[in-house]
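**Q** Below you will find the structure I want to go over with you.
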Amino acid sequence: MQAPPPGAPFHHGGMVPPSQTIYVNNINDKVKKEDLKKALYAIFGQFGPILDVVVYKTLRLRGQAWVVFEDVSAASTALRTMQDYPFMDKPIRIQFARQKSDAVAKREGTWKPVDRRDENKRKNEEFARRIAEKRQRQAAALATAGAPQEQVQAVAASVPQVFGSSGDSSDVPKAGTPNHILFAQDLPDRANQDALGELFKQYQGFREVRLVPGKDGIAFIEFETEVQATDAMLGLQGFALTPEHKLKLSYAKK
1 MQAPPPGAPF HHGGMVPPSQ TIYVNNINDK VKKEDLKKAL YAIFGQFGPI LDVVVYKTLR
61 LRGQAWVVFE DVSAASTALR TMQDYPFMDK PIRIQFARQK SDAVAKREGT WKPVDRRDEN
121 KRKNEEFARR IAEKRQRQAA ALATAGAPQE QVQAVAASVP QVFGSSGDSS DVPKAGTPNH
181 ILFAQDLPDR ANQDALGELF KQYQGFREVR LVPGKDGIAF IEFETEVQAT DAMLGLQGFA
241 LTPEHKLKLS YAKK
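Going letter by letter, the sequence shown gives residues 1 to 254 in UniProt numbering.
Written out as structure tokens, the structure is:
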């Protein structure tokens, strides 16, 4: 089964028609891949034969899984029955998957191998589009609040080059080893703990912002998990704090 675009799990974007595949998220991401697959087979097998359980342990897709049933009725019953079920200390959330699984496509004789280069390009373009739309919403909110026009324009134009495009990406720092704590640098003098907190708290799992006494222009931002920290870093990398200052984020050194 193909993975969803980064930052765009299958459950977003309105109603999804019933299918044989359910998308499960909010799963405990500390569980080993094989143990998780066995557990998912165990709890969902009561609803009918399962063709496949897909689990990824990449940073962006931790805490998510796809369960492919033999028929739609089994998937529908599983979705209704197991919604918010306390699974490994967390209530799971379930939606129908938007894309047909490889297991179903192979059964129907419609499966085609995917060119990974084209797939990665598509994912990158989709992610860039979502970030651009988000920047436009942020700019509109600033304009409504009466922010200076130059700040509104800077925010609208601040789309980060997180995938190494052919343009100049020298202002984007190397991410480093994944961590649940982010490191922000080159902050403007007026960036304080409250202002940064307002910016980062829109992301799930945000805990706190820590400034470093005696060291201007840097801060540490802590999240509950590496996945949540990564989501914030991808979403805010390059965000225009002022017309002259764009956020430079990386993982804090462990």
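Positions of the beta carbon are idealized from the N, C-alpha and C atoms, including for glycine.
Is DSSP giving Y23 helix, strand or coil here?
**A** Along the sequence shown, read from residue 1 onward, the residue named residue 23 stands at position 23. Three-state DSSP puts Y23 in a strand.
**Q** Can you tell me where the beta strand (DSSP E) with V53 in it begins and where it stops?
**A** Along the sequence shown, read from residue 1 onward, the residue named residue 53 stands at position 53. Segment 50-55, the beta strand (DSSP E) holding V53.
**Q** On the criterion of 16 or more Cβ atoms from any shown chain inside 10 Å, does H12 qualify as buried, or is it exposed?
**A** Indexing the sequence shown from 1 puts residue 12 at position 12. Note on H12: pLDDT 38, under 50, position unreliable in the model; the coordinate value appears next. Counting every other CB atom within 10 Å of its CB across the protein chains shown gives H12 a total below 16, marking it as exposed.
**Q** Per DSSP, what are the beta-bridge partners of I94 in this structure?
**A** Working through the sequence shown from its first residue, we reach residue 94 at position 94. Answer is V24.
**Q** Just verifying my parser: in three-state terms, what is the DSSP assignment at L187?
**A** Along the sequence shown, read from residue 1 onward, the residue named residue 187 stands at position 187. It is coil, neither helix nor strand.
**Q** Taking the C-alpha atoms as reference points, what is the distance between E222 and V209?
**A** Sequence index remark: in the sequence shown, residue 222 carries index 222 (1-based). Sequence index remark: in the sequence shown, residue 209 carries index 209 (1-based). If I take the Cα positions, the gap works out to 6 Å.
**Q** Checking 8 Å against the spacing of the C-beta atoms, do F239 and F183 come in under that value?
**A** Position 239 of the sequence shown holds residue 239. Position 183 of the sequence shown holds residue 183. For the 8 Å CB-CB criterion, F239 and F183 do not form a contact.
**Q** So for T46, helix, strand or coil by DSSP?
**A** Start at 1 with the first residue of the sequence shown, and residue 46 comes out as number 46. According to the sequence shown, residue 46 is Gln rather than Thr. DSSP places Q46 in helix when its eight states are reduced to three.
**Q** Out of Q193, A97, M88, Q95, state which residue places its alpha-carbon closest to the alpha-carbon of P213.
**A** For the purposes of this step, residue 213 is taken as the residue at position 213 of the sequence shown. Closest by alpha carbon: Q193.
**Q** Is R190 buried or exposed, if buried means 16 or more other CB atoms sit within 10 Å of its CB?
**A** Counting from 1 along the sequence shown, the entry for residue 190 is found at position 190. So R190 ends up on the exposed side.
**Q** Which of the three DSSP states, helix, strand or coil, is assigned to Y202?
**A** As a first step, residue 202 must be located in the sequence shown, where it is residue number 202. One detail in the question is off: residue 202 reads as Gln in this sequence, not Tyr. Three-state DSSP puts Q202 in coil, outside helix and strand.
**Q** Near S166, which residues of its chain fall below 6 Å by C-beta distance, leaving aside the five closest residues on each side in sequence?
**A** The sequence position of residue 166 within the sequence shown is 166, counting from 1. Its pLDDT being 38, under 50, S166 is placed unreliably in this model, and the value from its coordinates should be taken loosely. Answer for S166: no residue qualifies.
**Q** Can you grab the Cα-Cα spacing for the pair K90 / P148, in whole Å?
**A** What you label residue 90 is simply residue 90 of the sequence shown in a count that begins at 1. What you label residue 148 is simply residue 148 of the sequence shown in a count that begins at 1. Near 43 Å, if we compare the C-alpha coordinates of P148 and K90.
**Q** So for R80, helix, strand or coil by DSSP?
**A** As a position in the sequence shown, residue 80 is number 80, starting the count at 1. Three-state DSSP puts R80 in a helix.
**Q** If you drop the 5 nearest sequence neighbours on each side, which residues of the same chain put their C-beta closer than 8 Å to that of M233?
**A** Position 233 of the sequence shown holds residue 233. Same-chain partners within the cutoff: A175, L182, L249, S250, Y251.
**Q** What are the residues that DSSP puts in a beta bridge with L182?
**A** Indexing the sequence shown from 1 puts residue 182 at position 182. Partner(s): I221, Y251.
**Q** Does DSSP put A240 in a helix, in a strand, or in coil?
**A** In the sequence shown, counting from the first residue as 1, residue 240 sits at position 240. It is a strand residue.
**Q** Could you give the first and the last residue of the continuous beta strand (DSSP E) run that contains A65?
**A** Your numbering for residue 65 matches position 65 in the sequence shown. Annotation for A65: the continuous beta strand (DSSP E) segment containing it runs 64-69.
**Q** Have a look at A65 and A42 and give me their C-alpha separation to the nearest angstrom.
**A** Here residue 65 refers to the residue found at position 65 of the sequence shown. Here residue 42 refers to the residue found at position 42 of the sequence shown. The alpha-carbon atoms of A65 and A42 are separated by roughly 14 Å.
**Q** Under a three-way DSSP split, which group does V72 fall into?
**A** Taking the first residue of the sequence shown as position 1, residue 72 is located at position 72. Three-state DSSP puts V72 in a helix.
**Q** Near A79, what residues of its chain come up, given a Cβ to Cβ distance below 6 Å and the 5 sequence neighbours on each side ignored?
**A** Position 79 of the sequence shown, counted from the start, is the residue given in the question as residue 79. Looking at the sequence provided, one finds Leu at residue 79 rather than Ala. Counting only Cβ-Cβ distances below 6 Å, and skipping sequence neighbours, we find I22, I94.
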